[in-house]
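K.L.:
The numbering of the sequence shown is the working numbering, which starts it at 59 and goes up by one.
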Amino acid sequence: MNQRHLTSASGSAHGKIILMGEHAVVHGTAAIALPIPSISVTVDIFAKHQGPTELECSYYQGPLKQAPENLRNIQEVYHQVLQEWRFCEVPVKLRIKSHIPHERGMGSSAAVVTALVRALATFYQQELPMTELHRYVNIGEKIAHGKTSGLDTIVTSSSQPVLFQRAEVPKSIHSQLDGCLLIADSGHTGNTRLAVESVCQRLKDTPDTQSYLSQIHDLVQDAVSALKDNQVETLGQLMNRNQEFLQKLGVSTPQLDHLIQVARHAGALGAKLTGAGLGGCIIALCPNQEIARHIQQALEAEGLQQSWFLNFNRYQSMEV
Ligand code: PMV
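(1) Consult DSSP for E377 and reduce its assignment to one of helix, strand or coil.
(2) Between V278 and A91, is the Cβ-Cβ spacing less than 8 Å?
(3) Please return the same chain residues whose Cβ sits closer than 8 Å to the Cβ of H352, not counting the five positions on each side in sequence.
(4) By Cβ distance, which residues of its chain are closer than 7 Å to P126, with the 5 residues on each side in sequence left out?
(5) With a CB to CB cut of under 8 Å and the five nearest residues on each side skipped, what residues in its chain are close to A225?
(6) Which residues bound the alpha helix (DSSP H) around V101?
(7) Identify whether A324 lies in helix, strand or coil by the three-state DSSP scheme.
(8) What does the alpha-carbon distance come out to for the pair T206 and E358?
(9) State the DSSP-derived secondary structure class of C258, mapped to helix, strand or coil.
(10) Would the beta-carbon of E80 be found less than 7 Å away from any heavy atom of the ligand PMV?
(11) Roughly how many angstroms separate the alpha carbons of D210 and A168, rounded to a whole number?
(12) With a CB to CB cut of under 8 Å and the five nearest residues on each side skipped, what residues in its chain are close to D243?
(13) Taking the C-alpha atoms as reference points, what is the distance between E112 and L331?
(14) Please tell me whether S70 and I103 are closer than 8 Å, where the distance is taken between their beta carbons.
(15) Go ahead and pull the three-state DSSP assignment for H72.
(16) Taking all protein chains shown into account, do 16 or more other C-beta atoms lie within 10 angstroms of the C-beta of P312, making it buried, or fewer, making it exposed?
(17) What did DSSP end up calling G120 once you bin it into helix, strand or coil?
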């Protein structure tokens, strides 16, 4: 058993949105996801002299062992990491500070576990290859969501847009796109596990479903070219077509559909839900910042509470 550790350490990660390809990606097709470095989560670890290991986050404070079921991903990954690294557990306080809204399709669960494992690696002065980090985060994602593509795991620790397909090496996309995305939170939580299960059920029950997934795959491939060739209008149209398939898959809601319509009428080149759906966020592709603000105001008039801007160009200056 190892004993070496620091007295405190921190780890962080960021949120993400899926530009196109959600749900289909669970069944082996491609998806594009964008990291959102400005919406982040930090996990701080402080060594304690005595008492049980504690967890502090926005909705629970107390012994890690007694944390509610929706924090079981954190509990399990924490224990798995210590067991595999052969560290004798020292009592610690784990403090999670997150700016990523929960259950809105922004990768909160993957980002928290990424930040936790990074913090543990620093605390115990352990090397953490990316593949190991991803393996631990996938353990947490299976607990949190059941069947998962693994996309959130990759993107919450990536600095570049990613083209992801299961069983293939994720590819960074070097976007040249002018224009920005407005990410708008419907204020309603989605449930990734339920949404993914409902699409799986539809695949068994409804023969057309497989063809929807294949068509989403083709849209994603076209979207990669649009991103690289700065075809912002084409990308908008592809997003709209992707949304039609998400409706057919049964994961949009009347409320999301309404927000999407409002965004399009206010000048969005394309708009769709992002992530698992059944609530959560929509994304709207805007030709420029001025129109993005106009769309934001139109959505606010419909009760929108939270929104963020994401500029495609900002990725160009970042390292892969
Ligand atoms: O809602 P989120 O952020 O958990 O995204 C889920 C994306 C899905 O494609 C529906 C599931 C997955 O594992 O890729």
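Ideal Cβ placement from N, Cα and C applies to all residues, glycine included.
The model shown is predicted, which means the values in this text are computed figures rather than measured ones.
P.N.:
The structure says:
(1) Residue 377 sits at position 319 when you count from the first residue of the sequence shown. Unreliable placement is indicated for E377, whose pLDDT of 36 sits below 50; no coordinate value is reported for it.
(2) Walking along the sequence shown from the start, residue 278 turns up at place 220. Walking along the sequence shown from the start, residue 91 turns up at place 33. It is not a contact, given that the beta carbons lie outside the stated cut-off.
(3) Against the sequence shown, residue 352 aligns to sequence position 294. Only A324 and G325 meet the Cβ criterion.
(4) Counting from one through the sequence shown, the residue named residue 126 turns up at place 68. Correct list, in chain order: Y118.
(5) Here residue 225 corresponds to residue number 167 of the sequence shown, with the count starting at 1. Here the set comprises G86.
(6) Within the sequence shown, numbered from 1, the residue matching residue 101 stands at position 43. V101: not part of any alpha helix (DSSP H); member of the beta strand (DSSP E) spanning A89 to A105, first to last residue.
(7) The residue labelled residue 324 in the question sits at position 266 within the sequence shown. Coil.
(8) Residue 206 sits at position 148 when you count from the first residue of the sequence shown. Residue 358 sits at position 300 when you count from the first residue of the sequence shown. Their backbone Cα atoms lie some 32 Å apart in a straight line.
(9) Residue numbering aside, residue 258 sits at position 200 when the sequence shown is read from its first letter. Looking at C258 - three-state DSSP - the assignment turns out to be helix.
(10) Residue numbering aside, residue 80 sits at position 22 when the sequence shown is read from its first letter. Yes, the beta carbon of E80 sits closer than 7 Å to at least one heavy atom of the ligand PMV.
(11) Numbered from its first residue, the sequence shown carries residue 210 at position 152. Numbered from its first residue, the sequence shown carries residue 168 at position 110. Their backbone Cα atoms lie some 6 Å apart in a straight line.
(12) As a position in the sequence shown, residue 243 is number 185, starting the count at 1. Answer for D243: P159, R162, G338, C339, L362, Q363, Q364 and S365, listed in chain order.
(13) The residue you call residue 112 lines up with position 54 of the sequence shown. The residue you call residue 331 lines up with position 273 of the sequence shown. Answer to the nearest angstrom: the Cα atoms are 36 Å apart.
(14) As a first step, residue 70 must be located in the sequence shown, where it is residue number 12. As a first step, residue 103 must be located in the sequence shown, where it is residue number 45. The answer is no: Cβ separation not under 8 Å.
(15) What you label residue 72 is simply residue 14 of the sequence shown in a count that begins at 1. Strand, per DSSP.
(16) Position 254 of the sequence shown holds residue 312. P312 is classed as exposed because its beta carbon has fewer than 16 other beta carbons within 10 Å across all chains shown.
(17) The count along the sequence shown starts at 1 and reaches residue 120 at position 62. The answer is strand: DSSP assigns G120 an E or B state.
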